[in-house]
Each structure stands twice: as structure tokens, then as C-alpha cells.
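In this text, residue positions in the sequence shown follow this note's numbering: the first is 3, and each later residue adds one.
Let me begin by presenting the structure, written as C-alpha cells, before commenting on it.
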Amino acid sequence: MRRVYSISFTAMASFLVVAGVVLCEEKGREKKNDLAIRSPIAVASEFAGKSQRWPHIAWGKDCYLVVWQEGAAYDGAPDANIMAARLSPDGKALDPKGIVVCKAKHHQIYPKVTFDGENFLVAWQDYRSSRDWDIYAARITPAGKVLDPDGFGVADGPGNQVHPSLASDGKNAFAVWSDLRPRPSGVERYVLAGTSIAKGKPAQHNGTVLSQNGTNGSLLGAIARWDGGSYVIAAQKHPAGWNHGGSWLLRVTPEGKATQVNFDYFGHSYALATDPERRRSFLWSYMQVGHGHYNCVFQSAVLPTKRRHLVVGLPQHYAPVNELWAAAVFDGKNFLVVTERGIDVKGNNTSGVAIEVDLVASRFDPETGQPLDMGHIAFDGTNPGSLLKRVSEVRPKAPTGVVVAEEKRVFERHPALASSGHGRSVLVYSRHAGPGDFTIRCVLLSE
């Protein structure tokens with residue numbers, strides 16, 4: 003629902019052109035399709051933990067903050083903690099040993115981070131109660147000081163509060179999460195709940211219900227962004243019973259008034275970015291079409307124009323199993339997406355199991371949503387399966403994007419993006435090199 007780089011080049015930097023690829027003389031940098039790419043580096047090279055998962059990143063005052071989950075909440079692992087590390091504007095690691103955000107008992111997982119104009123705010127899913135999942139948060143200064151060690155409670159009501167997301171209007175932060183509200187009878191469901199947070203205090207403890215998907219079904223996997231006038235929230239609705247999920251898009255005013263936006267996008271995996279200056283929102287999404295053959299399609303769309311494109315150039319097969327995670331950001335010039343790409347899918351491309359997962363980037367025009375580094379077909383929003391033949395015709399000659407992380411037999415997963423503007427962005431991801439070997443890497447891009 004899932005989840006897709008910044009380099010500063012001096013005016014004196016010189017480039018070489020080789021086979022259509024511009025190479026910078028500085029080691030580890032190259033420029034493809036107007037994207038300059040620096041080689042991946044470890045976010046916290048001296049941190050001993052090797053279970054670094056689910057990274058997220060935000061740009062703040064003169065630095066980036068990367069957060070991640072250290073440990074796993076399954077396979078009998080005793081606990082999982084929340085860690086952080088800063089990066090300088092030019093992508094240098096500032097906290098090689100990492101920063102401990104939360105080491106409360108049991109599991110803390112799925113962290114998200116934003117910058118509220120003064121401090122970074124980190125939120126996560128927390129099981130310290132040993133009863134059910136809650137939402138906790140903590141502030142971290144741009145100097146790397148944790149102001150709320152082990153965090154403060156945001157939502158700890160009956161039932162589970164899970165999968166937080168954060169956004170900021172530059173003065174305050176807004177948190178949204180999926181909240182399992184108990185019911186006297188009938189099927190339980192997750193609603194979307196949220197609250198603003200200022201100076202380490204939620205405006206309303208346990209939040210208010212923003213939207214609920216009817217009397218049955220659930221709303222999960224929210225992504226929140228600020229578009230210059232309101233918070234935009236993308237989520238996935240799950241009807242009661244076995245069925246494919248679908249889209250759910252909301253706008254929430256700074257005062258907390260929520261309205262549903264009439265715009266469908268694909269389910270399964272999606273990413274959301276905004277351009278606050280031009281009040282633009284960008285959606286990337288993909289979905290599986292049909293059963294058994296694992297074909298899938300990709301879409302880019304820009305609001306409020308609602309212009310759409312089917313994105314062509316990625317493998318059209320459903321791999322890895324469950325999700326193709328992606329991330330999106332506005333870099334000051336274009337929207338940028340980084341998405342996972344399964345390589346060498348086993349079982350004659352039908353099993354959905356990959357032996358390698360790479361990360362591929364593309365820029366998208368901020369007005370039209372058209373991909374600049376991948377192929378595309380104009381799309382009217384109706385049945386994408388009807389265009390599979392056209393997709394197969396376009397694919398052989400379509401640009402395939404820019405590979406930003408690629409290692410043989412290594413899984414680069416769960417990308418997250420932030421941007422300092424001016425065409426510069428940073429990608430973070432979890433590098434899975436084998437059992438017990440998960441580390442967080444970052445890649446700087448600029449255009």
C-alpha cells in the first residue's frame with residue numbers, strides 16, 4: 003500500500019556521456035534519464051541490529067530523519083523497537099549508531115514520521131499493554147534529541163489501533179490510523195480515526211472517526227498528506243466477506259471536518275504524494291487483474307484534474323506475493339515514484355514468488371500525471387483489464403524506468419521517500435540479504 007534519492011552536484015562537476023548514460027566523475031554517481039543517482043549507503047553503519055524493517059523518512063529543518071522498526075512481530079521474536087537516524091541535506095549519515103526512540107516492552111512496529119515545523123514527530127503501532135495494539139508517538143528535534151522517550155499515547159481505546167500515518171501543514175501534525183471499534187453485535191470493522199497533534203499533545207485522545215465503510219467492511223492502510231489546504235487521505239476499503247479491496251479517498255480540513263472524494267483508484271498497493279503550492283495530489287496504484295495468471299496493471303493519476311495513465315514498462319506479473327510496495331513524493335519539479343520490481347518470478351511467472359526484488363523509479367508530470375521514464379497509455383478510469391492487449395503492444399518499446407537499487411539475489415523492499423525540494427529526494431528501503439540480515443539503506447537522487 004505500498005510503497006518509491008537526492009544529490010547535490012556543484013556547478014564545477016563534470017560529466018561523461020557513455021552509451022546514452024551521463025556519468026559523473028565522482029565515484030558512485032551516475033545520471034540516467036535526467037536522474038542523478040548516488041550509490042546506496044547504510045543509514046546507521048555502526049548500529050548492531052540486523053532486523054531493520056519498515057523504514058520511513060521525512061525532511062525537516064536542514065536534515066532528514068529516517069525511522070525504522072528494529073525486530074519482528076512474528077516468528078516468536080520477543081520484541082521490536084523503534085529506531086531513528088538523521089541524514090544531512092547531501093545524504094551523509096549523521097547518527098551511525100542510531101537513535102533509540104522507543105524500547106518499551108513487547109512490540110513497537112510500523113513507524114511513520116513527519117516534520118511539524120519545529121520537531122519531527124514519529125508515530126507507531128504499540129503492544130506494550132500486552133492486550134491489544136495502540137498508537138504512540140514521540141518528538142525528535144532536528145539535533146537528534148528524543149523529547150518523549152518511549153513515546154506518549156495517542157490512541158489506546160478498546161480494540162486495536164493500527165497502521166498510523168502522519169502529515170503536517172508546517173505548524174501542526176495530523177495523525178490517522180485504522181481503529182477497530184468494538185460492536186455489541188455483528189462483524190467488527192476498522193474505521194479511520196485521527197487527531198491533530200501540537201507540541202506533543204493530541205487534540206483529542208483516541209481521536210475522532212473520520213470515515214467508516216458502511217456498517218460492515220473495513221478501512222485500512224491509510225496514507226495522509228497535506229495538499230496546501232487540507233489533509234488528503236488514501237485508504238483501502240475491505241467489504242465484508244471475501245472480496246477485493248477498493249479505494250477510499252478523503253479530505254480533512256485543519257479543523258477535522260472530513261469529506262469523501264469521489265475518485266476510484268486501484269487497490270492492493272498504492273502511494274500518495276502532494277504538491278501543496280499548486281494544490282495537486284498524485285496517486286500511484288496497482289492491482290491484480292484476474293486469477294491464476296497474476297497479471298497486474300499500474301496507474302498514475304493527478305487530482306483535481308483526475309487525469310490518468312496506465313503505466314507500462316514494469317513486469318506485468320504479480321510478484322512478490324501479496325504486495326508490490328511503492329512510495330511517492332513531490333521533489334519540487336515533478337512527482338517521483340519508486341516501486342518494487344520482482345525479478346525471475348518462479349513457476350513460469352505464475353506463482354508470484356520472486357528470487358530478487360529491485361527498486362525502480364520514474365518521474366511523473368505534475369500537471370498530467372504522465373510518466374516521464376516509463377511507457378504509458380491514456381486511461382479513462384474504466385475497466386483496466388480491457389486494455390491488457392494494448393499494454394502488451396506498447397510494452398516492447400516502452401521505457402522501463404530508472405533502476406535505483408539492484409543487487410543479485412537481494413530483496414530491496416518497502417521504499418519510502420522524502421524531498422528537500424529543488425528536484426532532490428532521498429529514498430530509504432530495507433535491504434534483505436538473507437535470514438537475519440535486514441539493514442536500512444538510503445539512495446540520493448536529483449534531477
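Cβ atoms here follow ideal geometry from the backbone N, Cα and C, with glycine treated the same way.
In this text the structure is predicted, and so the values were computed from the model without any measurement.
- At a Cβ-Cβ threshold of 8 Å, residue 181 and residue 200 do not count as neighbours.
- By the C-beta criterion, the region 226 to 240 is judged to be in contact with the region 249 to 260, since at least 3 inter-stretch pairs fall below 8 Å.
- In this structure, residue 152 keeps its C-beta atom at 8 Å or more from the C-beta atom of residue 82.
- Listed in chain order, the non-local C-beta contacts of residue 373 below 7 Å within the same chain comprise 302, 311, 313, 364, 366, local neighbours out to five positions each way being set aside.
- The shortest CA-to-CA distance from residue 385 to any of 442, 411, 316, 299 is the one to 299.
- Of the residues assessed, residue 41 falls on the exposed side of the cut-off, its CB having fewer than 16 other CB atoms within 10 angstroms.
- For residue 171 and residue 437, the gap between their C-alpha atoms comes out near 40 Å.
- Looking only at 109, 58, 114, the smallest Cα-Cα distance to residue 129 is reached by 109.
- The C-alpha of residue 125 is placed about 15 Å away from the C-alpha of residue 143.
- For residue 449, the number of other beta carbons within 10 angstroms of its own is at least 16, and it is reported as buried.
- A Cβ-Cβ separation of about 14 Å leaves residue 287 out of contact with residue 224 under the 8 Å criterion.
- Looking from the CA of residue 335, the closest CA among 276, 305, 203, 231 belongs to 276.
- Note that the C-beta distance between residue 433 and residue 426 is not below 8 Å.
- Shown here for residue 391: not one same chain residue has a beta carbon closer than 6 Å to its own, the five before and five after excluded.
- Annotated three-state conformation of residue 131 is coil, per DSSP.
- From the listed residues 120, 202, 412, 383, the smallest Cα separation to residue 173 is found for 120.
- The alpha-carbon of residue 273 is positioned some 13 Å away from that of residue 371.
- Apart from sequence neighbours up to five positions away, the residues of its chain that approach residue 100 with a beta-carbon distance below 6 Å are 46, 49, 85, 87, ordered along the chain.
- In the DSSP assignment, residue 391 falls within the unbroken alpha helix (DSSP H) covering 390 to 396.
- The criterion of a C-beta distance shorter than 8 Å is not satisfied by residue 413 and residue 331.
- For residue 113, the secondary structure class from DSSP, reduced to helix, strand or coil, is strand.
- Going by DSSP, residue 440 is part of the beta strand (DSSP E) stretching over 439 to 448.
- Residue environment for residue 64: exposed (fewer than 16 other C-beta atoms within 10 angstroms of its C-beta).
- Under the DSSP definition of a beta bridge, residue 61 partners with 66.
- Contact between residue 158 and residue 131 holds: their C-beta atoms lie close to 7 Å from each other, under 8 Å.
- Excluding five sequence positions before and after residue 164, the CB atoms of its chain that fall closer than 7 Å to its own CB belong to 127, 135, 179, 180, given in chain order.
- Under the three-state reduction of DSSP, residue 94 is assigned to coil, being neither helix nor strand.
- Of 424, 428, 409, the smallest CA-CA separation from residue 418 is found for 428.
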